[in-house]
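Enquirer: Here my numbering is used: the first residue of the sequence shown is 29, the next is one more, and so on.
Following this message is one structure expressed as structure tokens.
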Amino acid sequence: MQAMSGRPNGWWISPAIPTIANCALAVLWGFSALGGWGDAAFCGEDEGRDPGCGAGFADAVRVSAPVAVIAAAVAVTAWSMPGVRRRPSRLDVTLTVAAFVWVIAEGVLFIGGYLAKP
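Below, the structure written as structure tokens:
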């Protein structure tokens with residue numbers, strides 16, 4: 029007897045793949061926004077750092093933070109709600125949406141950093 033995946037088209041992708049993607053995007057956002065990677069990349073380091081650019085990048089972080097919170101909430105909700113977690117198609121869609129929201133949060137950081145750059 030073979031267990032059925034619950035997907036109508038027969039394709040099966042492990043939920044670990046989109047989960048790992050969400051975690052990687054979350055870590056990238058965290059290091060870029062809070063860890064100083066983005067500030068150093070756009071505004072320079074040490075003596076070459078532009079304070080005006082740093083303030084502009086901080087604004088980009090503030091705008092991007094709510095988007096990142098939404099992405100994290102969607103990913104956590106996907107795994108915490110039994111109605112989503114037990115239906116593979118819903119879990120796939122929810123984790124994919126969370127990954128796209130992480131990409132939007134990263135995009136806001138990148139565009140904000142680019143605009144803040146002197």
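Every residue gets a Cβ at the ideal spot worked out from N, C-alpha and C, and that includes glycine.
Given the structure is predicted, the values throughout are model-derived calculations rather than measurements.
1) Buried or exposed for alanine 83, going by 16 or more other Cβ atoms inside 10 Å?
2) Run the CB neighbour count on valine 129, radius 10 Å, all protein chains shown included, and call it buried at 16 or more, exposed below.
3) Tell me which same chain residues have a C-beta within less than 6 Å of the C-beta of valine 89, skipping the five on either side of it?
4) Look at the alpha carbon of glycine 111 and the alpha carbon of valine 55, and state the distance between them as a whole number of angstroms.
5) Give the straight-line distance between the Cα atoms of aspartate 120 and isoleucine 139, rounded to the nearest whole angstrom.
6) By a C-beta neighbour count over all protein chains shown, 10 Å radius and 16 as the cutoff for buried, is aspartate 67 buried or exposed?
Expert: Reading from the atomic positions:
1) Around the beta carbon of alanine 83, fewer than 16 other beta carbons lie within 10 angstroms, which makes this residue exposed.
2) Burial call: buried.
3) Within the same chain, valine 89 has close Cβ partners Ala61.
4) Computed Cα separation, rounded: 27 Å.
5) Aspartate 120 and isoleucine 139: Cα-Cα distance of roughly 29 Å.
6) Flag for aspartate 67 reads buried.
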